[in-house]
Amino acid sequence: PPEIRREDYQPFPWLVPTTRLDFELGLEKTRVTARLEIERNPDADASPTIRLNGDGLELVSLRCDGGECAGHMMDGDDLVVTLEGDRHTIEIVTEIDPGANSQLMGLYASSGMLCTQCEAEGFRRITFFPDRPDVLSTYTVRMSGPKKDFPVLLSNGNRADMGEDGASHWAEWHDPWPKPSYLFALVAGDLVARSDSFTTMGGRKVELNVWVRDGDLERTEHAMESLKRSMKWDEDTFGREYDLDLFNIVAVSDFNMGAMENKGLNVFNTKYVLADPETATDGDYDGIEGVIGHEYFHNWSGNRITCRDWFQLSLKEGFTVLRDQLFSQDMGSAPVKRIEGVRVLRGVQFPEDSGPLAHPIRPDSYREISNFYTSTVYNKGAEVIRMMKTMAGDEAFRRGTDLYFDRHDGEAATCEDFVKAIEDGSGIDLEQFRLWYSQAGTPKVSVELSQEGDEAVLTLSQAVPPTPGQDDKKPMPIPLRVALFDRDSGSHSGEHLVVLDKARDSFRFTGFARKPVLSINRGFSAPVTIGRDIANDELVFLAAKDDDPFARYEAMQDLMVRHLVTASKGDLSDDARNAGQADIVRALRAVTDDDALDDLMRGELLSMPSQTYIAEQIEAADPGRIFEEREGLKAFLASELQDELHHIYDRAEKLPYSQSAEAKGARKLKTLVLSFAAARDPQKAAELAAHQYDRADNMTDRQGALMVLTGIDSAERTGRLLDFYNRYQGNALVIDKWFALQASSLHPKVIEHVKALAEHPDFTLRNPNRARSLYMPFTGAPHGFHAANGEGYRLIANLILDLDPINAQTAARFVPALGRWRKLEPGRAALMRAELERIAAAPKLSRDSFEQVTRSLG
Ligand code: HT7
Ligand code: ZN
26 PPEIRREDYQ
36 PFPWLVPTTR
46 LDFELGLEKT
56 RVTARLEIER
66 NPDADASPTI
76 RLNGDGLELV
86 SLRCDGGECA
96 GHMMDGDDLV
106 VTLEGDRHTI
116 EIVTEIDPGA
126 NSQLMGLYAS
136 SGMLCTQCEA
146 EGFRRITFFP
156 DRPDVLSTYT
166 VRMSGPKKDF
176 PVLLSNGNRA
186 DMGEDGASHW
196 AEWHDPWPKP
206 SYLFALVAGD
216 LVARSDSFTT
226 MGGRKVELNV
236 WVRDGDLERT
246 EHAMESLKRS
256 MKWDEDTFGR
266 EYDLDLFNIV
276 AVSDFNMGAM
286 ENKGLNVFNT
296 KYVLADPETA
306 TDGDYDGIEG
316 VIGHEYFHNW
326 SGNRITCRDW
336 FQLSLKEGFT
346 VLRDQLFSQD
356 MGSAPVKRIE
366 GVRVLRGVQF
376 PEDSGPLAHP
386 IRPDSYREIS
396 NFYTSTVYNK
406 GAEVIRMMKT
416 MAGDEAFRRG
426 TDLYFDRHDG
436 EAATCEDFVK
446 AIEDGSGIDL
456 EQFRLWYSQA
466 GTPKVSVELS
476 QEGDEAVLTL
486 SQAVPPTPGQ
496 DDKKPMPIPL
506 RVALFDRDSG
516 SHSGEHLVVL
526 DKARDSFRFT
536 GFARKPVLSI
546 NRGFSAPVTI
556 GRDIANDELV
566 FLAAKDDDPF
576 ARYEAMQDLM
586 VRHLVTASKG
596 DLSDDARNAG
606 QADIVRALRA
616 VTDDDALDDL
626 MRGELLSMPS
636 QTYIAEQIEA
646 ADPGRIFEER
656 EGLKAFLASE
666 LQDELHHIYD
676 RAEKLPYSQS
686 AEAKGARKLK
696 TLVLSFAAAR
706 DPQKAAELAA
716 HQYDRADNMT
726 DRQGALMVLT
736 GIDSAERTGR
746 LLDFYNRYQG
756 NALVIDKWFA
766 LQASSLHPKV
776 IEHVKALAEH
786 PDFTLRNPNR
796 ARSLYMPFTG
806 APHGFHAANG
816 EGYRLIANLI
826 LDLDPINAQT
836 AARFVPALGR
846 WRKLEPGRAA
856 LMRAELERIA
866 AAPKLSRDSF
876 EQVTRSLG
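For the sequence shown, the positions run 26 to 883 when UniProt numbering is used.
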C-alpha cells in the first residue's frame, strides 16, 4: 500500500455544495442513490476529471447532468469521471450488503439495526464520493424501508419530512451545516428514547434523545445528565453554544471505538451509554461522562471547525481530549482526574513514544489512517495544548480559543491555524513551541538543585530521544511548575513557572538559607520524564507535605518505582532493600494517617505503580522479575500496614452506596485493601473478597472483589465466577467484564483460562467489545502474555491472524503489544519478534495490520 505524505497535500479540484442521498434500506441489500452538485474549486488547479473514492463498491449506474457522462473509469477502488464544464450534477447508484459488513465501517448491521461509521474513510464504502475532510457539503438524506424492521429512521440535522407507504415508511433529514463525509450518519432500527431538553444560552430549546434497545432505557439516565452537563459546561467555559434544534445519541453494541461525533447524531458504543449501579462501576460512570462530553464538545472542535486532512487529526482530537479532561476535572475531583489522565499517558502514550510506532502528534506520513487514532494524537495532543494554556494563563488562552473558533468557523483547518490563533489571541510567542507538533519522543529533563550562598540554583537540561525517522531533535520549550519547600516549616513561598527552552539552563531563586526541597513538574505541567537525583528522605517529605496533589502522588510513585526498578534489575543489597522498604512504609503511613485527605485521593496515593510502568523504566526488562518484586513489596506493605489497612476497610465498609465522591472513595479503598491482602495471605484475602462479593449492592464492589478473587486459586474463586456469569447472563457489557477479569488475572494458569474462554459459547470475534474484553486485558497480564516460553505472544499473534479478515481495525490494535520486543530481555524479545515475523509472512494481511507489523519489526 502506498505511503500518503503530509507535504503532498493538494486542495480538491471540485467543490460539492450539496449532496442528496436516498437509501432504500435492507439488512442484506441497501440501494444508495447519491446526487452530487459539483463545481470547480477556484482555489485549486483545474482537472479534467473528478476522483470519487470507493472501497469495495460496485457501481450500479452513473449519470452526469441527467445523461451519459463524457467518460469514466475505475482506478483501483475509485471511480474517475471525465467532466468538461464547470458545474455538473452527478448521480451514482450503488448497492451494498450491510449484513456482510464485519469491518463495521460504512453502513453495517448490528443486532437487527442499521448504522454507519464513516470516520475516517468509511463513507467510501457506502457510495463513491470525494471522501476527504476538506470537501464540505450540505446533506439532504431520504431513507425508506419496512416499518416493522426499522421503525425509527435517523440522520444528521433536523427531520424535514416523513411519510408512509403501506408496510414501508420513509423520512427525510436535512442538515443545514456543511460537513465532510466522515460526519455523515444514518441509523435505522427498533429503538426507544429517553427524551429531555436543554435551553441554550441564546434561548434555543434543543430536543435531546438517547436511543437504545427496548429494555435498556432505565440505564440511560446518567448519559442524559452527562449530556446536559456537557452542554452547559461548554457554554460557561468555552462560550460554545449548540446550533441545531435536535441532538440525538444512539447506542450500538457493535462498534470499533468508543463513540462518534456525527453532526447532531452521535453514535456510541453501548459501553459509553448504559449504566446503573448494579451493572456499571464507578469507572464506567466516569467513562460515560467523559465520552459523552468528548463527543458533544466535538460539535465545535471537530464539526464546526474540521480538519483539512487527516494529518491534522490532533487539531480536533487533542483539543477535544483537553476539553473533556477539563470538563471531568470540573465535574469531579480535579486532582484525581489529573492523576488518572497522566496514568493513561504514561501507560499507553509513553511506551508508544519510545517504541517503533512513535510518531509526532501531527504525523508526516501514513499508509492506513485508522492506525493513527493513537494515544499520541489524542493524549499527547491534549498535553501539548494544555502546555499552551499553562504558559498563556487561563484568560489569555480563552482569548486564543475564542479567536480560533471565530476565525475558522466553517473551515477545514490545520494545527498551524490553531497555534497561530492561540498566539494571536493570547499574545504569547509560540514559534519554538511548534516543535511539539513535529518532533516525536518523550523529552527527558535532568534536574540538579544546588545551593550558592542564599540562592538555590536549579539547573535543567533536556534531551529528546531519537525516534523512527527522526535522529536529531531540537530543544523544545518545556513549562515546569516548581516550588521550593523549606525543610523545617514544610511549606513554600509560592509556585514558579520556569520554561526550559534550551538544551541546558539555570534558574536562580533567592532567600534560602539552606537547600530547599524541590517539587517539580507540579500538576504534570509538561509531558516529560524527570530524572532527578533526589534522596529518599526528600521524597518521603514531599509525599507527606507537598500541597500540589499531583506532586505528592508523584513523590509516592517515585519512591516505589525507584525501589522496584533497582530490585528488578537485581541491584539491591539487603540493607538497601530494608532501608527502601522502610522509607516507603513511612511515606504510606503519612497517607493513611492524614485526615485532611479525601478517600479518592488517598486511593491514588496508596496505589502501586503498574507493572507496565515499571517495565518502561528498564532496558531489557524481565517481566517475571518485576512481577515478583512488585508482589513481594505489596505483601511486605500489607503486613507492615496491616492495622491501618484494616481500619480503612472497616470505615469504608460502613458507607452506603451513592454516587457521592465520599462513597466512591470508600469503594476504591476497599478493593485496594483487598488487593494488598491478596499478596500477603491469599486464602484470607479470598475469604474477605468473597464476603465483599456476597454483600455487594453495586458493580464496583462486586467487580473489585472478583478481580482479586480471579488471581487466587480457591473455591471462592470458582463459586463467585459462576455466580457472576449466571447473574448477568444476557447482559453483554457485564459478560464482557467476566471475560476481562479472568484474562487480566494474576492466576498462574491464566493462559489456559484464556484459551478455554475463547471456546466459550458466548465468545465471538465478530463483536469488538467481546474480542477486546478477552484479549486486551491479557496483553497486560504479566504471567500470561509474558510467559517465558512465548505462549502468550503466540496466542495474541494467532488472534491477530484470525481477526484480521473479520475486523482489520480491531486486529491491528493488538499489534503494538507485540512491538515492545526491543524493551525486553533477549529470550522474550526473540520470541516476540518471531511472532511478528510470522504475522508479516501471512499470505493475506489487511493494510491496517500490515502497516503496524512492518513498522513494529522496523
Ligand atoms: N472521532 C471518533 C473516531 C472514531 C473512529 C475512527 C476510526 C474508526 C472508527 C471510529 N469510531 C470513532 C472518535 C472520537 O475521537 O471522538
Ligand atoms: Zn474525538
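In this text, a Cβ means the ideal position worked out from N, Cα and C, and glycines have one as well.
Closest residue to residue i among the options (Cα-Cα distance)
i, options, result
"Gly101", "Tyr34, Asp80, Asn823, Ser664", "Asp80"
"Asp159", "Asp722, Glu146, Glu365, Thr467", "Glu146"
"residue 5", "Asp33, Thr152, Leu108", "Residue 5 falls outside the range modelled here, since the chain spans only 26 to 883, and no answer is possible."
"Glu365", "Gly315, Arg587, Arg387", "Gly315"
"Ser127", "Arg727, Asp279, Arg853, Gly214", "Asp279"
"Leu485", "Pro500, Glu477, Asp479", "Pro500"
"Ser798", "Glu816, Arg819, Phe839", "Phe839"
"Arg45", "Pro203, Asp174, Val616, Phe430", "Pro203"
"residue 887", "Ile330, Glu480, Ala757, Val489", "Not covered by the structure: residue 887. The range shown for the chain is 26 to 883."
"Val235", "Cys89, Ile760, Leu82, Leu271", "Leu271"
"Arg614", "Gln728, Ser664, Asp600", "Ser664"
"Leu233", "Asn603, Asp241, Gly240, Ala248", "Ala248"
"Asp608", "Leu567, Met626, Pro648", "Leu567"
"Phe195", "Phe209, Leu179, Asn183", "Checking the sequence shown, residue 195 turns out to be Trp, not Phe. When only C-alpha atoms are compared, the closest one is Leu179."
"Ala592", "Leu694, Gln642, Leu509", "Gln642"
"Leu820", "Asp600, Tyr578, Val775, His785", "Val775"
"Pro493", "Thr119, Gly418, Thr399, Leu382", "Leu382"
"Arg167", "Gly182, Asp174, Pro155, Lys173", "Gly182"
Per DSSP, the bridge partner or partners of residue i
i, result
"Ala284", "Phe293"
"Ala481", "Gln476, Phe534"
"His113", "Ile63"
"Leu849", "Ala646"
"Lys230", "Thr224"
"Ile555", "Val470"
"residue 961", "No answer is possible for residue 961: it lies beyond the span of the chain, which begins at 26 and ends at 883."
"Ala218", "Trp236"
"Val275", "Trp236, Val292"
"Gln142", "Gly131"
"Ser193", "Pro171, Asp190"
"Met98", "Val105"
"Leu178", "Ala213"
"His199", "Thr165, Asn183"
"Pro504", "Val524"
"Val85", "Val85 pairs with nothing; no bridge assigned."
Reduced DSSP category for residue i - H, G, I as helix; E, B as strand; rest coil
i, result
"Ala765", "helix"
"Ala488", "strand"
"Lys204", "strand"
"Ala236", "Reading the sequence as shown, one finds Trp at residue 236 and not Ala. Trp236: strand per DSSP, three-state reduction."
"Gln495", "strand"
"Pro123", "helix"
"Tyr818", "helix"
"Leu46", "strand"
"His588", "helix"
"Gly92", "strand"
"residue 13", "In the structure as shown, the chain starts at 26 and stops at 883, and residue 13 therefore has no counterpart that could be examined."
"Ser683", "coil"
"Phe154", "strand"
Legend entry - Meets three-Cβ-pair contact criterion under 8 Å: the stretch 803–814 and the stretch 756–770: Judged by Cβ distances under 8 Å, the stretch 803–814 makes contact with the stretch 756–770, as three or more pairs qualify.
Legend entry - Sufficient close CB pairs (3 or more, under 8 Å) joining the stretch 221–241 to the stretch 266–284: Because the criterion of three Cβ pairs below 8 Å is met, the stretch 221–241 and the stretch 266–284 touch.
Legend entry - Contact shell at 5 Å, judged by CB to any heavy atom of the ligand ZN, ordered along the chain: Those satisfying the condition are, in chain order, Glu342, Thr345.
Inset, instruction - Could you tell me whether the stretch 407–414 touches the stretch 338–353, where touching means 3 or more Cβ pairs closer than 8 Å? - result: Output reads yes: the stretch 338–353 touches the stretch 407–414.
Inset, instruction - Would you be able to state if there are at least three C-beta pairs under 8 Å between the stretch 828–836 and the stretch 871–878? - result: In the pairwise beta carbon analysis, the stretch 871–878 is classified as touching the stretch 828–836: at least three pairs are separated by under 8 Å.
Legend entry - Three-pair Cβ contact test at 8 Å for the stretch 60–69 versus the stretch 99–115: A contact exists between the stretch 60–69 and the stretch 99–115.
Inset, instruction - Count the C-beta pairs between the stretch 427–446 and the stretch 517–524 that are closer than 8 Å, then say yes if the count reaches three, no if not. - result: No, the stretch 427–446 is not in contact with the stretch 517–524.
Legend entry - Cβ contact check for the stretch 629–636 and the stretch 674–683: 3 or more pairs under 8 Å: Because the criterion of three Cβ pairs below 8 Å is not met, the stretch 629–636 and the stretch 674–683 do not touch.
Legend entry - At least 3 beta-carbon pairs within less than 8 Å: the stretch 275–294 vs the stretch 321–333: The stretch 275–294 vs the stretch 321–333: in contact.
Legend entry - Stretch pair the stretch 468–485 + the stretch 531–543: three plus CB contacts closer than 8 Å: Yes: at least three Cβ pairs fall under 8 Å.
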